[in-house]
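Enquirer: In this note's numbering, the protein residues as written are 83 to 179.
A virtual CB, placed ideally from N, CA and C, is assigned to each residue, including glycine.
Source: prediction; values computed, not measured.
(1) For the alpha helix (DSSP H) that residue 153 lies in, which residues bound it at each end?
(2) Under three-state DSSP, which class holds residue 114?
(3) How many Å lie between residue 170 and residue 130 at the Cα?
(4) Given this structure, state the Cα-to-Cα distance separating residue 156 from residue 119, to the nearest angstrom.
(5) May I have the straight-line CA-CA distance separating residue 134 from residue 148, to the nearest angstrom?
(6) Output needed for residue 163: all residues of its chain with C-beta closer than 7 Å, excluding positions within five of it in sequence on either side, in chain order.
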């Protein structure tokens with residue numbers, strides 16, 4: 083049985099796209115990160131995530147709340163008109179007796 087890792091090198095050159103340069107794997111000396119470096123990378127990722135989250139909510143606010151406010155206004159107006167209609171019907175019934 084041939085392991086997947088053993089078969090991989092023969093296909094390694096086949097998947098490079100033209101114009102895309104394959105970056106070399108850094109040597110162990112270059113690949114050492116300090117705890118502060120890792121924390122900085124994580125903090126930057128969280129900051130970027132928070133910015134995306136805020137931007138998404140701003141976009142939702144721009145799109146949703148005007149529609150929501152319009153629907154709320156229409157509902158309120160319908161309730162007021164229903165109350166006026168009921169009051170008018172009550173006056174008409176009262177005058178009939």
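Expert: Here's the rundown:
(1) 117-178
(2) coil
(3) 59 Å
(4) 55 Å
(5) 22 Å
(6) none
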